[in-house]
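Peer 1: By full-length UniProt numbering, the letter at position 1 of the sequence shown is numbered 1, and the numbering carries on one by one without gaps. First the structure, which I've put down as structure tokens, then a few questions once you've had a look.
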Amino acid sequence: MCPSGRYPRGAPSASAARILRPAFDVLDADRDGKISHDDLKAFFSSGFAAPLSDEDIGSMIYTADADRNGLVEFEEFERVLSGRGGGRSGGDVMAEAFRVMDRDGDGKVGFGDLKAYLSMAGLPAGDADVWGMLRMGGGGDAVSFDALLRILAVDFANGP
1 MCPSGRYPRG
11 APSASAARIL
21 RPAFDVLDAD
31 RDGKISHDDL
41 KAFFSSGFAA
51 PLSDEDIGSM
61 IYTADADRNG
71 LVEFEEFERV
81 LSGRGGGRSG
91 GDVMAEAFRV
101 MDRDGDGKVG
111 FGDLKAYLSM
121 AGLPAGDADV
131 WGMLRMGGGG
141 DAVSFDALLR
151 ILAVDFANGP
């Protein structure tokens with residue numbers, strides 16, 4: 001998932017797993033340990049993210065579903081986000097995540113966007129933390145896609 005390329009190839013680090021697990025859990029609506037079509041449909045119909053068609057959701061599942069059982073297990077989720085498997089690259093996934101975070105579609109993730117996304121992902125952050133992330137990305141009150149990638153790359157570059 002680390003767009004900087006500093007994420008090691010092979011098995012993801014414990015730090016990466018800790019970061020990815022809350023995002024996986026947000027998508028696993030029924031908490032069965034697998035992301036299904038219905039789980040993604042619920043997420044993309046929640047009002048937080050832009051709705052997607054059944055075809056788009058099916059494509060997302062197909063991209064990550066290495067064992068072709070119609071479900072995305074955590075290991076498959078990690079593989080896609082880390083860019084270690086076939087299908088969409090980590091950068092493609094991050095572009096989609098940015099689109100979801102950018103609720104007003106202005107091409108920037110602002111304070112409210114980032115705080116709401118972190119909370120939804122089970123990573124509640126205080127106002128000072130969110131402002132600190134925005135500063136780290138070089139933005140004033142909002143950051144671009146590239147700046148968001150720089151913010152997220154720090155966690156992977158520093159390890160556990």
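For every residue, glycine included, the Cβ atom is placed at its ideal position computed from N, Cα and C. Since the model is a prediction, treat every value here as computed from it, not as a measurement.
1. For P51, which residues of its own chain have a beta-carbon under 7 Å away from its beta-carbon, when the five flanking residues on both sides are left out?
2. On the three-pair Cβ rule with 8 Å, is the segment 133-148 touching the segment 106-123?
3. Where does G126 fall in DSSP's three states?
4. Between D129, V143, F74, V80, which has its C-alpha nearest R99's C-alpha?
5. Figure out for me which residue from D113, E96, A97 has the closest Cα to the Cα of D104.
6. Nearest to R79 by alpha carbon, out of G138, G140, R21, A128?
7. Name the DSSP bridge partner or partners of K34?
8. Taking DSSP as the reference, what is the three-state secondary structure of A29?
9. Measuring CB atoms only, is the segment 58-78 touching the segment 30-39, in the sense that at least three cross pairs come out at less than 8 Å?
10. Grab me the residues of D28's own chain with a C-beta within less than 8 Å of its C-beta, minus the 5 sequence neighbours each way, in chain order.
11. Taking C-beta to C-beta, are S26 and M120 nearer than 8 Å?
12. Which value, in whole angstroms, describes the spacing of the CA atoms of K115 and T63?
13. Here's a check: name, in chain order, each residue in its chain whose Cβ is nearer than 7 Å to the Cβ of M101, leaving out the five neighbours to either side.
14. Given that a residue counts as buried once 16 or more other Cβ atoms are within 10 Å of its Cβ, and exposed if not, what is L81?
15. When you compare only the Cα positions, how much space is there between E76 and I57?
Peer 2: Looking at the atomic coordinates:
1. For the purposes of this step, residue 51 is taken as the residue at position 51 of the sequence shown. Excluding positions up to five away in sequence, the list reads F44, S45.
2. yes
3. Residue mapping note: residue 126 aligns to position 126 of the sequence shown, counting from 1. Collapsing the DSSP output to three states places G126 in coil.
4. Against the sequence shown, residue 99 aligns to sequence position 99. That would be V143, whose Cα lies nearest to the Cα of R99.
5. The residue given as residue 104 occupies position 104 in the sequence shown. Nearest C-alpha to D104: D113.
6. Residue mapping note: residue 79 aligns to position 79 of the sequence shown, counting from 1. Checking every option, the nearest Cα to that of R79 belongs to R21.
7. Along the sequence shown, read from residue 1 onward, the residue named residue 34 stands at position 34. According to DSSP, K34 bridges with E73.
8. Within the sequence shown, numbered from 1, the residue matching residue 29 stands at position 29. Residue state, collapsed to three classes: coil.
9. With the cut-off at 8 Å, the segment 58-78 and the segment 30-39 touch.
10. Reading the sequence shown from its first residue, position 28 is the one you call residue 28. If we look at D28 and ignore the five residues flanking it on each side, its Cβ neighbours are K34, I35, D39.
11. Position 26 of the sequence shown, counted from the first residue, corresponds to residue 26. Position 120 of the sequence shown, counted from the first residue, corresponds to residue 120. Correcting the residue identity first, residue 26 is Val in this sequence and not Ser. In this structure, M120 lies closer than 8 Å to V26 by Cβ.
12. By one-based count along the sequence shown, residue 115 stands at place 115. By one-based count along the sequence shown, residue 63 stands at place 63. The C-alpha of K115 lies about 28 Å from the C-alpha of T63.
13. Counted from its first residue, the sequence shown places residue 101 at position 101. Excluding residues within five positions, the ones whose Cβ falls inside 7 Å are V109, D113, L114, Y117.
14. Along the sequence shown, one-based indexing puts residue 81 at 81. Buried: at least 16 other Cβ atoms inside 10 Å.
15. The residue you call residue 76 lines up with position 76 of the sequence shown. The residue you call residue 57 lines up with position 57 of the sequence shown. The alpha-carbon atoms of E76 and I57 are separated by roughly 16 Å.
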